[in-house]
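Student:
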Amino acid sequence: MVAEKRSSYEEIRQRTIEENKKKLEELNLSLLTKSLRETASPKPYPALSLSLSILLRIRVF
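For the sequence shown, the working numbering gives the first residue as 15, with consecutive numbering after it.
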């Protein structure tokens, strides 16, 4: 009985995984994320650059 429940659960789980993969493929998310990565320019982190400039002034490095 327990083995039957597990196999049933696994079948449902596998079917759900396959359905979700199909949905993701239909949305073309991989193409969208790729295009976003190519077009988006990295933004500098002002707090980080400020911290580095302060540390460089006091010559911690």
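C-beta atoms are modelled at their ideal positions from N, C-alpha and C, and glycine is treated no differently. Values in this document were obtained by computation on a predicted structure and should not be read as measured data.
CA-CA distance, residue 41 and residue 33?
Tutor: Numbered from its first residue, the sequence shown carries residue 41 at position 27. Numbered from its first residue, the sequence shown carries residue 33 at position 19. Their backbone Cα atoms lie some 13 Å apart in a straight line.
Student: Can you grab the Cα-Cα spacing for the pair residue 53 / residue 44, in whole Å?
Tutor: By 1-based counting over the sequence shown, the position of residue 53 is 39. By 1-based counting over the sequence shown, the position of residue 44 is 30. Each residue's alpha carbon lies about 14 Å from the other.
Student: Between residue 71 and the rest of its own chain, which residues show a CB-CB distance below 6 Å, the 5 nearest in sequence each way excluded?
Tutor: For the purposes of this step, residue 71 is taken as the residue at position 57 of the sequence shown. Correct list: empty, nothing qualifies.
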